[in-house]
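Single-structure report; data block below.
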Amino acid sequence: GENVEQHPSTLSVQEGDSAVIKCTYSDSASNYFPWYKQELGKRPQLIIDIRSNVGEKKDQRIAVTLNKTAKHFSLHITETQPEDSAVYFCAGAAGNKLTFGGGTRVLVKP
Amino acid sequence: SAVISQKPSRDICQRGTSLTIQCQVDSQVTMMFWYRQQPGQSLTLIATANQGSEATYESGFVIDKFPISRPNLTFSTLTVSNMSPEDSSIYLCSVNSGGLRGPTGELFFGEGSRLTVL
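Line by line, the protein sequences are chains S and H.
Mapping of the first sequence onto the working numbering: residues 1 to 110, in sequence order.
Mapping of the second sequence onto the working numbering: residues 1 to 118, in sequence order.
In structure tokens, the structure reads:
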């Protein structure tokens, strides 16, 4: 089955700086890669996703890149703000099932 | 989008007892998924609940421990049986955005049921 590795496990950045989270996956059949944000005590919510037919996608301060050959994808958050502080999960899907990475706890220091 | 209601939102349970978690969706969906999130950990898929057929369990999860019902296209239950402290987790119900058309990608999550087993 799919295995998704996520790094780093924790990330501390100064407000205004950029944050980058990286994930690798094992199943070459995976074709959908979402990123979820989970604030403390809340449910995970989708912030951006990318499918295997594109290499990059951007939504305001958030961007995701995908390298199918190397089987890795990354989340980039620019101009970080305190409200970006949360746990971020990457995931990979082949078919109906999502496999999540281990999560990255991001702390944005004001 | 889908609105998912889960209950109970939290409970404190005694070792050896069982608890059933309910999940109600505001629209018909083909698949419902049950995830477990242990304290400070990621989300692990327990099983996929299919309407009209038995649930499909992931490696490490068995029906005797986590029986699942799916009586219709908007409702599912997960039972955590014979609980031990190791079962203390958040249990999350989720559905795919495709509804009856089938999965299209995005998963929507319920608010979760936080179980503490003493």
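Built from N, CA and C at the ideal position, the CB exists for glycine as well.
All of these numbers come straight from a predicted model, not from anything done at the bench.
**OP:** Provide the residue span of the beta strand (DSSP E) that contains S/Gln38, from first to last.
**Re:** For S/Gln38, the enclosing beta strand (DSSP E) stretches over residues 32-38.
Original post:
So, does the CB of S/Gly103 fall closer than 7 Å to a CB anywhere in chain H?
Top reply: Proximity of S/Gly103 to chain H, defined by a Cβ-Cβ separation below 7 Å, is satisfied.
Original post:
Is it right to say H/Pro8 is buried, meaning 16 or more other beta carbons lie within 10 angstroms of its own, or is it exposed?
Top reply: H/Pro8 should be labelled exposed.
Original post:
Just the Cα atoms here: how many angstroms apart are S/Gln81 and S/Gly16?
Top reply: One C-alpha to the other measures close to 6 Å.
Subject >> Any beta strand (DSSP E) of 3 or more consecutive residues that is wholly inside the region 2-57 of chain H >> reply: Counting whole runs of 3 or more residues, the region 2-57 of chain H contains the beta strand (DSSP E) stretches 4-7, 10-13, 19-25, 31-37, 43-50.
Original post:
For H/Glu106, which residues in chain S fall below 8 Å Cβ to Cβ?
Top reply: Chain S residues near H/Glu106: Pro34, Leu46, Asp49.
Subject >> Given H/Ser94 as reference, the closest of H/Pro71, H/Leu45, H/Ile12 once Cα atoms are compared >> reply: When each option's Cα is compared against that of H/Ser94, the closest is H/Leu45.
Subject >> Within 9 Å of chain B by C-beta, residues of the region 91-102 of chain S in sequence order >> reply: In summary, chain B is missing from the structure at hand, where the protein chains are S and H.
Original post:
Listed in chain order, which residues of the region 65-80 of chain S have Cβ atoms closer than 9 Å to some Cβ of chain H?
Top reply: Listed by position, the residues of the region 65-80 of chain S near chain H (Cβ gap below 9 Å) amount to none.
Original post:
If you drop the 5 nearest sequence neighbours on each side, which residues of the same chain put their C-beta closer than 6 Å to that of H/Gly112?
Top reply: Ile90, Leu92.
Original post:
Relative to the C-alpha of H/Gly16, which residue among H/Asp87, H/Phe108, H/Arg114, H/Gly110 is closest?
Top reply: It is H/Asp87.
Subject >> Ranges of the beta strand (DSSP E) found wholly within the region 39-76 of chain S, counting only runs of at least 3 >> reply: Complete beta strand (DSSP E) runs here, min 3: 45-51, 56-59, 62-67.
**OP:** Determine whether the Cβ of S/Arg43 lies closer than 7 Å to any Cβ atom of chain H.
**Re:** Judged by the 7 Å Cβ criterion, S/Arg43 is in contact with chain H.
Original post:
Can you name the residues of chain S whose CB is closer than 9 Å to the CB of H/Glu111?
Top reply: The contacting residues are Lys42, Arg43.
Original post:
Residue range of the beta strand (DSSP E) that S/Lys109 falls in?
Top reply: Under the DSSP assignment, S/Lys109 falls in the beta strand (DSSP E) whose first and last residues are 104-109.
**OP:** Taking C-beta pairs closer than 8 Å, name the residues in chain S that H/Asn96 reaches, listed in chain order.
**Re:** Per Cβ cutoff of 8 Å: Asn96.
Original post:
Which residues in chain S sit within 7 Å of H/Ser42, going by Cβ to Cβ distance?
Top reply: By Cβ distance, chain S contributes Phe89, Phe100, Gly101, Gly102, Gly103.
Subject >> Minimum C-alpha distance to H/Gln28 - residue among H/Cys13, H/Thr20, H/Asn50, H/Trp34 >> reply: Ranked by Cα distance from H/Gln28, the options H/Cys13, H/Thr20, H/Asn50, H/Trp34 are led by H/Asn50.
**OP:** Count the other CB atoms, across all protein chains shown, that sit within 10 Å of the CB of S/Leu40; report buried if there are 16 or more and exposed otherwise.
**Re:** With fewer than 16 other Cβ atoms inside 10 Å of its own Cβ, S/Leu40 counts as exposed.
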